[in-house]
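A.B. asks: Taken in order, these protein sequences are the chains called A and B. Under the numbering used here, the residues of the first sequence are numbered 5 to 476, in order. Under the numbering used here, the residues of the second sequence are numbered 889 to 1285, in order. We treat Cβ as the ideally placed atom computed from N, Cα and C, and that holds for glycine. Note that the coordinates shown come from a computational prediction; the quantities given were computed from them, not determined experimentally.
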Amino acid sequence: MHKIFHFYGGVHPKESKVSSGVAIVDAPLYPLYTVPLSMHIGAPAKSLVAVGDTVLRGQQIGEPASFVSSTIHSPTSGKVKSIGTCLGPAGTQLPCVVIEADGQDTPADPLTPITDWRNTDPAILRARVAAAGIVGMGGASFPTPVKLSIPPGKTIDTLIINGVECEPCLTADHRLMLENPKMILEGVEMVANMLGVQNVFIGIENNKPDAIEVLTKEATAYTAPAIHVVPLKVRYPQGAEKQLIYAITKRQVPSGGLPADVHCVVQNIGSSCAIAEAVILGKPLYERVTTVTGTPLVAPGNWRFRVGTPYAEAIKLAGGLKEGAQIAKLISGGPMMGMTVYSQSVPVMKNTSGILLMGPDEVKQYTSKACLRCGRCNDVCPMQLMPGILSVQIENERFDDAQSWHVMDCIECGCCAYTCPAGRPLVQHMRRAKSEVGAKLRAQKAAADAAAKAKAEAAAKAAGAEAPKADK
Amino acid sequence: MSDEAKELNKAPQPATAPAAPAVDPNAPLPPRHQLIVSSSPHFHTHSTVDSIMRWVLIALAPACLAAIYFFGFGAVRVLAICVVACLVFEFLSAKAMDRSNELKDGSAAVTGLLLGMNLPSNTPWWICVIGCFMAIVVGKMIYGGLGCNPFNPALIGRVALLIAFPVVMTTWPMPRIPASLAKPAEQVMPVASATPQHKGEQVSVMPVTTSTPLKFSKLARTELTGDKVLENSTIPIQKGEVSYWQLFLGIGKGGSLGETCGLALLIGVLILIYLNIVRWQIPVCYLGTVVIITGIAWLANPSAYASPLFHLLTGGLLLGAFFMATDMVTTPLSRLGAIWFGVGCGVLTACIRLWGSYPEGVSFSILIMNAFTPMIDRYTAGTPFGMPKKKGIKMPK
């Protein structure tokens, strides 16, 4: 395939993917794992263990608390030391189970491997995905079983696998594609079968020609359905769900809609691999590949970490800091959308695609100046909003105006703030407006629901009052 | 928080790494309070307000050098007075408004330079200072400083002076003509001063008060009629005395400091377009519209109207289209908006030049379009991704 696919807007930050040549290494065992019970969007999982319990590697320690939730498994064998809260990457306290490793790493009885999965009922496969606690491993960590249960009335004809890895610095997905292409493709076929789709695409940015080559070669073995590897232009945010769907299918996910509205499902490379491992090997999701990188580090690389590993250990694993180097920012994720954390005790979670360190010389702190109206944010916004105008409205707390200028469509990719010469914190402004407008919309909906309910009750009462008369 | 979790938060835990193959596992890690927490993104382009203004200054340099070449010390004097006066006014306004002054961002220097480039080289110093006051204080700082002004400050200064001191602002010393191109005195174009009784006076090369070629075209049209224009034309170009090429280079053309050398202006604007500081849509649409409208008039009646090329190369059109109409702060945000802005400026300029009472319409047309900018922004707001196609944002009720 020679055509290069892309989308509107976007930026091209320095790629800095220094660890792309470093093979994935299994991280050693640590004495203590802090396993958050909320490593996904939705309700935190309910703990199934008590302090003092002995747990084994892969044993279920948390069960989903609602439909949108996930299962949690122990990363190693040992004793539950405590159940409490820990600091998450977003700066909030998350419920967690602290496990003291016994060093034996004794595995629990695995889930039964389903080797003949091609002839297995998709419902059983979906149940396995749920039992293995699979979530989207690209960052948003949306529970995969929910994504794979298509809401009634929607039809899916296209599966897109996201191997874009458009965030600078990160190389975890790249290495996974190079080192584990077979498992990934098995997972892709599984998902395609579960969804019953015929069009399957793997989108990979053009800066990973080796991954494109390996996957294209391996994908020739898959014919039902055929898996197409699509090279994409190197442009951030190519890996954003809506942008990726548009680049490959030219379909626009409607404002406020979901990929299912344009008959697409998007899955991450890491999740596909985890799904295949859960089905074929019966291995639940308790470890993931994470890039540890940054200029202050001696040896950036890619490691397979168990969930609950504190960032401090990851930093040590990457050789610690260079002579005289300092950390100014510690980031969970990539440089464009990652979250800064203020403690190195934050644990690796199912969605931690990278741990990025920035030195003081790389971190520029800007004073926000008045908007110059240079229009660059306008040129790069992949959602074609007008961030400059929005930010002025939001600064003046004109949230209604911001809503009518479509602030709710912002995907917080950070292109605008990346390019702003006045150093305006545009993404922060958008987030503020989105939470304000979101709260307003929820209040309106609640009020409308309450009114509808009251009206229905009144109607029922009236009907009830009339019914006895009718009986007479 | 449990004790364990608390203990865990006391990062780092140097003794707990069993198998870290670290080069220096015990390298000092900063305590948590030293880590910076901020909203994403954590990368940034190196472009800042300061760097943009620095590039604009660099882009203005060729035109300034050309001005100094053509007008000598007078040009240096006017430009220096304007830049210094603008910086002083910016500083004083910031003090008076109790704001941190932003002198180092260079925007005041850009305004000063642009204003200076819009003045004749023999402008008295106090007029320059008044212009700078109007530009910086009235045109920019009272609105809240850089980024908040609705109108181009340098143009506010220029128009204020144009209205207050019309004679000073429209009589220009004759630029120096390079020796190689100098003609014997009797062949030099007849030059009229702004007052008609001096019209036709033969002048030699060096500084004599003169008028821009544009003024000739207007005088010619108002005072002479029909084919007499061609015979007695004071439009040097129509008498074949000055070629378009010479007009483009600024040879033998009176005018404000920055207006003379089209080549220098073009070099400057190309730098800015390359750096994405100027959106090419504005100058291209502006000049294109002027050429089309004046071209139609010229084709309809070539004896009464000057050719589009003449319009393009005379007066402040190039300076205005390249450096004034492209000011970021006062022009629309979107590229589509920039097109409309450029077309609007072009229509207004052409109309003022062809039918207005002022010989020059660039400043007025840009200022008028500045006022339309918020409206253009509203109507050219793009359709966001995933929205049904519709134009603009609805007015709030």
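1) Using the beta-carbon of each residue, which ones in chain C are nearer than 7 angstroms to residue 367 of chain A?
2) Is the separation between the beta-carbon of residue 133 of chain A and that of residue 41 of chain A shorter than 9 angstroms?
3) Identify every run of the beta strand (DSSP E) within the stretch 24-49 of chain A, keeping only runs that are complete inside it and at least 3 residues long; order them along the chain.
4) Along the stretch 224-255 of chain A, what residues have a CB closer than 7 angstroms to any CB found in chain B?
5) Starting from the Cα of residue 33 of chain A, find the closest Cα among A:368, A:309, A:409 and give me that residue.
6) According to DSSP, what are the bridge partners of residue 298 of chain A?
7) Whose Cβ in chain B lies nearer than 8 angstroms to the Cβ of residue 359 of chain A?
8) If you measure from the beta carbon of residue 419 of chain A to each beta carbon in chain B, is any gap under 9 angstroms?
9) Starting from the Cα of residue 73 of chain A, find the closest Cα among A:317, A:63, A:49 and give me that residue.
10) Taking its Cβ as the centre, do 16 or more other Cβ atoms sit within 10 Å of residue 16 of chain A, making it buried, or is it exposed?
11) From this set, B:1257, B:1252, B:1156, B:926, which residue's C-alpha is nearest residue 1049 of chain B's C-alpha?
12) Please classify residue 1239 of chain B as buried or exposed, where buried requires at least 16 neighbouring CB atoms within 10 angstroms.
13) For residue 453 of chain A, count neighbouring Cβ atoms within 10 angstroms of its own Cβ and tell me buried if that reaches 16, exposed if not.
14) Considering residue 940 of chain B, what are the terminal residues of the beta strand (DSSP E) in which it resides?
15) Can you list, in chain order, the residues of the stretch 1262-1274 of chain B whose Cβ is nearer than 8 angstroms to any Cβ on chain A?
16) Give me the chain A residues within the contact set of residue 1167 of chain B, using Cβ-Cβ distance strictly less than 8 angstroms, ordered along the chain.
17) Decide if the stretch 174-181 of chain A is in contact with the stretch 268-276 of chain A; the criterion is three or more beta carbon pairs, one per stretch, under 8 angstroms apart.
18) Which runs of the beta strand (DSSP E) spanning at least 3 residues fall entirely within the stretch 137-181 of chain A, listed in chain order?
19) Judging by CA-CA distance, which residue of A:67, A:283, A:424 is the nearest neighbour of residue 120 of chain A?
20) Tell me whether the beta-carbon of residue 1024 of chain B lies closer than 9 angstroms to the beta-carbon of residue 994 of chain B.
21) Starting from residue 221 of chain A, trace the alpha helix (DSSP H) in both directions and tell me its first and last residue.
22) Using a Cβ-Cβ cut-off of 6 angstroms (strictly less than) and excluding sequence neighbours within five positions of residue 947 of chain B, which residues of its own chain qualify?
23) Per DSSP, which residues does residue 67 of chain A bridge with? Please list them.
24) Is residue 376 of chain A buried or exposed, if buried means 16 or more other CB atoms sit within 10 Å of its CB?
25) With three or more C-beta pairs closer than 8 angstroms as the rule, is the stretch 957-976 of chain B touching the stretch 1166-1176 of chain B?
26) Once you ignore the five residues that flank residue 1119 of chain B on each side, which residues in its own chain have a CB closer than 6 angstroms to its CB?
27) Quick one: is residue 1008 of chain B buried, meaning 16 or more other Cβ sit within 10 Å of its Cβ, or exposed?
28) If we ignore side chains and look at the alpha-carbon of each, how far apart do residue 487 of chain A and residue 1173 of chain B end up?
29) Under 8 angstroms between beta-carbons, which chain B residues line up against residue 375 of chain A? List them in chain order, please.
30) What do you reckon, are the CB atoms on residue 430 of chain A and residue 386 of chain A nearer than 9 angstroms?
31) Between which two residues does the alpha helix (DSSP H) carrying residue 1020 of chain B extend?
32) Is there a C-beta anywhere in chain A that falls below 9 angstroms from the one on residue 940 of chain B?
33) Which bits of chain A does residue 1171 of chain B rub up against, with CB to CB less than 8 angstroms?
34) Closer than 8 angstroms, Cβ to any Cβ of chain B: which residues of the stretch 389-409 of chain A, in chain order?
35) With DSSP run on the structure shown, which of helix, strand or coil describes residue 426 of chain A?
36) Which residue marks the beginning of the alpha helix (DSSP H) containing residue 478 of chain A, and which one marks its end?
C.D. replies: Taking the coordinates as given:
1) The structure shown contains no chain C; its protein chains are A and B.
2) In the first sequence, residue 133 of chain A corresponds to position 129, counting from 1. In the first sequence, residue 41 of chain A corresponds to position 37, counting from 1. Judged by their CB atoms, residue 133 of chain A and residue 41 of chain A are not nearer to each other than the 9 angstroms cut-off.
3) Within the stretch 24-49 of chain A, the complete beta strand (DSSP E) runs of at least 3 residues are 28-30, 36-40.
4) Result list: 246.
5) Locating residue 33 of chain A in the first sequence gives position 29, where the first residue counts as 1. Closest option to residue 33 of chain A, Cα to Cα, is A:309.
6) Counting from one through the first sequence, the residue named residue 298 of chain A turns up at place 294. Looking at the DSSP output, residue 298 of chain A sits in a beta bridge with A:361.
7) On the first sequence, position 355 is the one that residue 359 of chain A refers to. Chain order gives no chain B residues near residue 359 of chain A, where near means a beta carbon separation below 8 angstroms; the closest approach is about 13 angstroms.
8) As a working note, residue 419 of chain A is residue 415 in the first sequence. Yes, its Cβ sits closer than 9 angstroms to a Cβ of chain B.
9) As a first step, residue 73 of chain A is located in the first sequence; it is residue number 69 there, counting from the start. Looking at the Cα atoms, A:49 is the closest of the given residues.
10) Position 12 of the first sequence, counting from 1, holds the residue named residue 16 of chain A. Exposed.
11) Taking the second sequence and counting its residues from 1, one reaches residue 1049 of chain B at position 161. Answer by Cα proximity: B:1252.
12) Counted from its first residue, the second sequence places residue 1239 of chain B at position 351. Using a 10 angstroms sphere on the CB of residue 1239 of chain B, the tally of other CB atoms stays under 16, which defines it as exposed.
13) Within the first sequence, the letter at position 449 stands for residue 453 of chain A. Flag for residue 453 of chain A reads exposed.
14) Taking the first residue of the second sequence as 1, we reach residue 940 of chain B at position 52. Segment 937-959 is the alpha helix (DSSP H) holding residue 940 of chain B; no beta strand (DSSP E) there.
15) Of all residues in the stretch 1262-1274 of chain B, the ones placed with a Cβ closer than 8 angstroms to any Cβ belonging to chain A are 1265, 1269, 1270, 1271, 1272, 1273, 1274, in chain order.
16) Taking the second sequence and counting its residues from 1, the one referred to as residue 1167 of chain B is at position 279. Within chain A, the residues near residue 1167 of chain B are 379.
17) Touching, yes, given that three or more Cβ pairs across the two stretches are closer than 8 angstroms.
18) Complete beta strand (DSSP E) runs here, min 3: 162-166.
19) The residue you call residue 120 of chain A lines up with position 116 of the first sequence. A:283 is the residue among A:67, A:283, A:424 whose C-alpha sits nearest the C-alpha of residue 120 of chain A.
20) By 1-based counting over the second sequence, the position of residue 1024 of chain B is 136. By 1-based counting over the second sequence, the position of residue 994 of chain B is 106. No; because the gap between Cβ atoms is not below 9 angstroms, this pair is not in contact.
21) One-based indexing of the first sequence puts residue 221 of chain A at position 217. For residue 221 of chain A, the enclosing alpha helix (DSSP H) starts and ends at 213-223.
22) For the purposes of this step, residue 947 of chain B is taken as the residue at position 59 of the second sequence. Cβ neighbours of residue 947 of chain B beyond the five flanking positions: 1156, 1159, 1160.
23) Position 63 of the first sequence, counted from the start, is the residue given in the question as residue 67 of chain A. Paired residues: A:50.
24) What you label residue 376 of chain A is simply residue 372 of the first sequence in a count that begins at 1. Residue burial is scored here from C-beta neighbours: residue 376 of chain A has at least 16 other C-beta atoms within 10 angstroms and is therefore classed as buried.
25) Result no; under three Cβ-Cβ pairs closer than 8 angstroms.
26) Position 231 of the second sequence, counting from 1, holds the residue named residue 1119 of chain B. Bear in mind that a pLDDT of 34 at residue 1119 of chain B, under 50, signals an unreliable position, so the model cannot answer this.
27) Position 120 of the second sequence, counting from 1, holds the residue named residue 1008 of chain B. So residue 1008 of chain B ends up on the buried side.
28) Because chain A here runs from 5 to 476, residue 487 of chain A falls outside it and cannot be looked at.
29) One-based indexing of the first sequence puts residue 375 of chain A at position 371. Within 8 angstroms Cβ-Cβ: 1035.
30) Within the first sequence, the letter at position 426 stands for residue 430 of chain A. Within the first sequence, the letter at position 382 stands for residue 386 of chain A. Judged by beta-carbon spacing, residue 386 of chain A lies beyond the 9 angstroms limit of residue 430 of chain A, meaning their Cβ atoms are not closer than that value.
31) One-based indexing of the second sequence puts residue 1020 of chain B at position 132. Counting along the chain, the alpha helix (DSSP H) containing residue 1020 of chain B begins and ends at 1013-1021.
32) For the purposes of this step, residue 940 of chain B is taken as residue 52 along the second sequence, with counting starting at 1. Judged by the 9 angstroms Cβ criterion, residue 940 of chain B is in contact with chain A.
33) As a first step, residue 1171 of chain B must be located in the second sequence, where it is residue number 283. Per Cβ cutoff of 8 angstroms: no residues; residue 1171 of chain B is ~15 angstroms from chain A at best.
34) Taking 8 angstroms as the Cβ-Cβ cut-off against chain B, the residues of the stretch 389-409 of chain A that qualify are 389, 390, 392, 393, 404, 405, 408, 409.
35) The residue you call residue 426 of chain A lines up with position 422 of the first sequence. Residue 426 of chain A: coil per DSSP, three-state reduction.
36) Any question about residue 478 of chain A goes unanswered here, given that chain A covers just 5 to 476.
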